[in-house]
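Undergrad: Below: one structure in structure tokens.
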Amino acid sequence: MGKGNVLIAAPVHQVLTDGLTRAGYELVFMENITQAVAPGYITECVGIITSTRLQLNKELLDMALNLRWIGRMGSGMEVIDVDYAAEKGIKCYSSPEGNSNAVAEHALGMLLALNKCIVTGNNEIKQGIWEREGNRGTELEGKTVGIIGFGHTGRAFAKKLLGFDVNILVYDKYKQDDMPEYLTNTTLETIQKEADIISFHVPLQQDTVHYLDEKFISDMSKGFIVLNTSRGIVTDVKAISKGLESGKIKGACLDVWEEEPLERMSEEMRAYLNEMLKNPKVIITPHIAGYSIEALYKMSKVLLDKIVSN
6 MGKGNVLIAA
16 PVHQVLTDGL
26 TRAGYELVFM
36 ENITQAVAPG
46 YITECVGIIT
56 STRLQLNKEL
66 LDMALNLRWI
76 GRMGSGMEVI
86 DVDYAAEKGI
96 KCYSSPEGNS
106 NAVAEHALGM
116 LLALNKCIVT
126 GNNEIKQGIW
136 EREGNRGTEL
146 EGKTVGIIGF
156 GHTGRAFAKK
166 LLGFDVNILV
176 YDKYKQDDMP
186 EYLTNTTLET
196 IQKEADIISF
206 HVPLQQDTVH
216 YLDEKFISDM
226 SKGFIVLNTS
236 RGIVTDVKAI
246 SKGLESGKIK
256 GACLDVWEEE
266 PLERMSEEMR
276 AYLNEMLKNP
286 KVIITPHIAG
296 YSIEALYKMS
306 KVLLDKIVSN
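Numbering (our numbering), first residue to last: 6 to 315.
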């Protein structure tokens, strides 16, 4: 006898679907499901595999009468009312181990592209401009990088920086142990005093909304580069814009935006986006840091192992 239906509401690797089938589940594929039609599919499901498309809030969870577990492709559990799910005996699994390397590589790639004027140089050549002096780059060597949040992605990013002879400072409000010897576990104040580069690797929760705001920027002792590969609302777009204008922010690498995707963006946020896209000191990508071929497999495998072992 089968174990019941599982709604596949996210892009996944075959390793996950094959594994769930072998475990006795019947799979219902709705990768492009919307919040509006979800109630018609989740009533009979014992499991859901999701990413960011569905908000598994109290209302939706109450409709899922047979739900036993939820698997999240990636790390951000803000799309699930985890506390309410726990009250209902629904287990929640995430897979941050699976895409942390992809995020770290992307963050480093953006930083190098910004510092070495790779994007601006490439775009200028496309326009027939061969500019060398105006594209003189900056090296990472000797700089101080402040990493805020030291979960899977923060740790992976720190490891990538090892070969660049930088000083790595880490601040994590919740994690104070198990720190590698090659970095310094310190306070936020120390990072704001010493860092040339700030990289955010925090989950989205109440105390991380607009983590980087006008006060954070004013508290920075030096002009600095900001990287955000976590969640868009962690960094205040308006504050970044002002910081770029004043010169306090020397560059920004943003894989995420306060409102995503483009079709859901307000006119105000779209105006800020268009303004920043004209700035050669800004690189913006469409929330793809964790999107790699390898990450899709690894996240799927991590979820499968967690689901079938419980």
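Just so you know, even glycine gets a beta-carbon here, dropped at the ideal spot from N, CA and C.
1) Could you check the C-alpha separation between L232 and G76 for me, to the nearest Å?
2) Excluding five sequence neighbours on each side, which residues of the same chain lie with their C-beta closer than 6 Å to the C-beta of Y175?
3) Three or more C-beta pairs closer than 8 Å, one from the region 127-141 and one from the region 71-91: is that the case here?
4) Within 10 angstroms of its Cβ, does E146 collect 16 or more other Cβ (buried), or is it exposed?
5) Can you tell me whether DSSP reads K247 as helix, strand or coil?
6) When DSSP labels each residue in this structure, what does E273 get in the three-state scheme?
7) If the criterion is Cβ atoms closer than 8 Å, does the pair K198 and S226 meet it?
8) Name the DSSP beta bridge partners of F229, please?
9) Once you ignore the five residues that flank K243 on each side, which residues in its own chain have a CB closer than 6 Å to its CB?
10) Could you pull out every residue in the same chain whose Cβ sits closer than 7 Å to the Cβ of Y302, ignoring the five residues on either side in sequence?
11) Considering only the beta carbon of each residue, do L249 and N284 sit closer than 8 Å?
12) Report back the beta-carbon spacing between G24 and L119 to the nearest angstrom; my notes put them in contact at under 8 Å.
13) How would you call A90, buried or exposed, if buried means at least 16 neighbouring beta carbons within 10 angstroms?
14) Closest to L217 by CA distance: which of D241, I54 and T234 is it?
15) Grouping DSSP H, G and I as helix and E and B as strand, with all else coil, what is S80?
16) Answer yes if the region 57-74 comes into contact with the region 268-278, meaning at least three C-beta pairs across the two stretches below 8 Å, and no otherwise.
17) Y98 and L308: beta carbons closer than 8 Å?
18) Could you check which residue in L193, E129 and N104 has the C-alpha nearest to that of F221?
19) Starting from K121, follow the alpha helix (DSSP H) in both directions and report where the run begins and ends.
TA: Considering the structure as presented:
1) 28 Å
2) Sequence check: residue 175 is Val here, not Tyr. Cβ neighbours of V175 beyond the five flanking positions: I152, F155, L188 and N190.
3) no
4) exposed
5) helix
6) helix
7) yes
8) I254
9) none
10) H18 and V20
11) yes
12) Not a contact, Cβ separation roughly 40 Å.
13) buried
14) D241
15) coil
16) no
17) yes
18) L193
19) Segment: none, K121 is in no alpha helix (DSSP H) and carries neither H nor E.
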